[in-house]
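What follows is a short report on a single structure.
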Ligand code: SR1
Ligand code: MG
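Numbering (this note's numbering), first residue to last: 3 to 430.
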C-alpha cells in the first residue's frame, strides 16, 4: 500500500489525474475513463491540499502535504514528513478504534500523499455545529475513539519496550509539536506578529492576557506537561474541524499532529470545541432563544464526553491493565484490588484536571492566536462576536487558573451556563 519512488512535486489537478490513473486499485474503485473524473480541491484547513476525486463508480479523498504552511505561505516551511506520521497514526487508530477513522487506500511517502475512502455524506462537524445541528451518536463514538486509542497506547496497556518504540516512531514529528507549543502555549500570551483578535472590542482583554502572571504560570505548566508527558499516542489536533459526521456516524480525520503526549490534551480539545460551539451559538441566533435546545444539547455533550470517556477508560483499565505500569503482582488479594481501584480513580481525577486546563488553552488560542475557528468567525457582527468570545475567555481563564475548583464536569457546564448572558466589558 505504501509507495516510495520519484521526487516530491505538488500534484495539481492534471498531475493528480495522471498519478491516480497509474494505480490499478484506485482506477477500479473510481471507474470510468480517468479523463472524465471530477477532481476538486476542497482543502479549507491550514496546512495541506485536499482533493475529492469522483469517477463513474465511486470517489476518493486525496490529501497532499505542502512543504509550507498553507495558511501563511512559503515563508513558513514545514516538513513533508507530517504525512508519514499521519499515515502511521491513521493505521494505528484503525487497529485500535475500527470504523472511526477513514480507510487508507494508498500512501506515497515521497509525494507526502495519502488516498483515503471518500466520506460521504459526512460533513466537517464544526460546520454542522455552526448551523445548530445535533449529532446523536457523537458522544458515544468520540469517547470510544479516545478511550481506545489513548488507553491501548499507554503504559497501562503496553510493555515498557512497546511503549518506548511507539514514542520513538513519532518522535520525529517535532515540527508539528512546535506549532502547538508556539501557537497554543506561548503566542496568545505575548505580542506575536501572527496573533489576531476581534479588534477593537477585545483589545483590552488581549492586553490583560499579556500581563496576567497567574495565567502565564498556568499556561507554562500546561506547556511543560505537553512537552514532557508522553502518556499515550495522541491525535494531537482533535478539534471539531478534525471530525466528520452524519446523524449516525463519526469519523476522526487529520492526525498529522500525532505524537506521544498527555492524554488530557486530546480530551480537552474535544471539550474546548464543544464549549466554543456553545458560546458562539448566541452570536448565530436570529431571535432570542432560537437555539436554546441546541445549546442545551451541546452542554449535555460536554458532560457526556467526559463522563463516558472516563467510564470507558476505566473499564479498559480494569479489564486489560496488563502494561508495565501498576504491575499486577503488586496488587494481589482483596486489599490490593481495592487499593488499585482507588488509585485508578485518583488517576482519572488528575486526568480531569489536565483536561480542564488543556481545554482552556485551546479556547484562548482560537480567540487571540493565529488560527481561529468558524464557530466565532462566522458571527458577522464583530461586536456580537466579541461578546461570545469574551464569555468563552472568562470561562477559560477560570478553568486554567482555578482548575482545582472544577471538581466535576458539571462544574464546567454550570459555569458555562452562568456565562451565557453575561456581558463582557468591551474596548473601543
Ligand atoms: C499553522 S497551523 C495552525 C493550526 O492548524 C491546525 O489545525 C492546528 O490546530 C494548528 O495549530
Ligand atoms: Mg488538520
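Glycine included, C-beta positions come from ideal geometry on N, C-alpha and C.
Original post:
From the DSSP output, which residues share a beta bridge with residue 125?
Top reply: For this step, residue 125 is matched to residue 123 along the chain shown. BP columns for residue 125 point to 247.
Original post:
On the premise that residue 94 lies in contact with residue 235, defined as a C-beta separation below 8 Å, what is that separation, rounded to the nearest angstrom?
Top reply: As a working mapping, residue 235 is identified with position 233 in the chain shown. As a working mapping, residue 94 is identified with position 92 in the chain shown. Indeed they touch by this definition, with Cβ atoms about 6 Å apart.
**OP:** Within the region 190 to 278, note down every full beta strand (DSSP E) run reaching 3 residues or more, in order along the chain.
**Re:** 234 to 236, 245 to 247, 252 to 254 and 261 to 263
**OP:** Quick one: grab the DSSP three-state call for residue 188.
**Re:** Within the chain shown, residue 188 is the residue found at index 186, counting from 1. Here residue 188 sits in coil by DSSP.
Original post:
Between the region 312 to 329 and the region 278 to 287, do at least 3 Cβ pairs fall closer than 8 Å?
Top reply: no
Subject >> Paired residues, beta bridge with residue 50 - DSSP >> reply: In the chain shown, residue 50 corresponds to position 48, counting from 1. Residue 50 pairs with 67.
Subject >> Rounded straight-line distance, which links the Cα of residue 90 to that of residue 297 >> reply: Reading the chain shown from its first residue, position 295 is the one you call residue 297. Reading the chain shown from its first residue, position 88 is the one you call residue 90. So the alpha carbons of these two residues sit roughly 36 Å apart.
**OP:** Go through its chain and collect everything with a Cβ distance to residue 149's Cβ below 7 Å, but skip five positions before and after it.
**Re:** As a position in the chain shown, residue 149 is number 147, starting the count at 1. Cβ neighbours of residue 149 beyond the five flanking positions: 311, 314, 315 and 318.
Original post:
Does the distance from the C-beta atom of residue 241 to that of residue 268 stay below 8 Å?
Top reply: On the chain shown, position 239 is the one that residue 241 refers to. On the chain shown, position 266 is the one that residue 268 refers to. Result no, Cβ atoms of residue 241 and residue 268 do not sit closer than 8 Å.
Original post:
In terms of residues, what are the limits of the alpha helix (DSSP H) holding residue 304?
Top reply: Mapped onto the chain shown, residue 304 falls at position 302. Taken as a continuous stretch (DSSP letters only), the alpha helix (DSSP H) holding residue 304 covers 294 to 322.
Subject >> Identity of the residue in 401, 160 and 21 nearest residue 220 by Cα >> reply: Position 218 of the chain shown, counted from the first residue, corresponds to residue 220. With distances taken between Cα atoms, residue 220 lies closest to 401.
Original post:
In whole angstroms, what is the alpha-carbon distance linking residue 126 and residue 47?
Top reply: Against the chain shown, residue 126 aligns to sequence position 124. Against the chain shown, residue 47 aligns to sequence position 45. Between residue 126 and residue 47, the C-alpha separation is close to 11 Å.
**OP:** Ignore the nearest five residues each way along the sequence and tell me which others in residue 206's own chain have a CB closer than 6 Å to its CB.
**Re:** Here the question's residue 206 lines up with position 204 in the chain shown. Taken in chain order, the residues that qualify are 429.
Subject >> Environment of the ligand ADP in chain order, Cβ to heavy atom below 6 Å >> reply: Among the ligands modelled here, namely the ligand SR1 and the ligand MG, the ligand ADP does not occur.
Subject >> Cβ distance (whole Å) where residue 253 is taken to contact residue 104 below 8 Å >> reply: Along the chain shown, read from residue 1 onward, the residue named residue 253 stands at position 251. Along the chain shown, read from residue 1 onward, the residue named residue 104 stands at position 102. The Cβ separation is near 6 Å, so the contact holds.
Subject >> residue 376 CB to nearest heavy atom of the ligand SR1 below 7 Å >> reply: Here residue 376 corresponds to residue number 374 of the chain shown, with the count starting at 1. No, the ligand SR1 has no heavy atom inside 7 Å of this Cβ.
Subject >> Any non-hydrogen atom of the ligand SR1 within 7 Å of residue 73 CB >> reply: Taking the chain shown and counting its residues from 1, one reaches residue 73 at position 71. Correct: residue 73 has its Cβ closer than 7 Å to the ligand SR1.
Original post:
Do the region 212 to 230 and the region 351 to 370 meet, that is, are 3 or more Cβ pairs less than 8 Å apart?
Top reply: yes
Subject >> Burial state of residue 452 (16 or more Cβ within 10 Å) >> reply: Outside the shown range of the chain, which is 3 to 430, sits residue 452, and nothing can be said about it.
Subject >> residue 126 beta carbon near the ligand SR1 (any heavy atom closer than 7 Å) >> reply: Here residue 126 refers to the residue found at position 124 when the chain shown is read from its first residue. No, the Cβ of residue 126 stays beyond 7 Å of every heavy atom of the ligand SR1.
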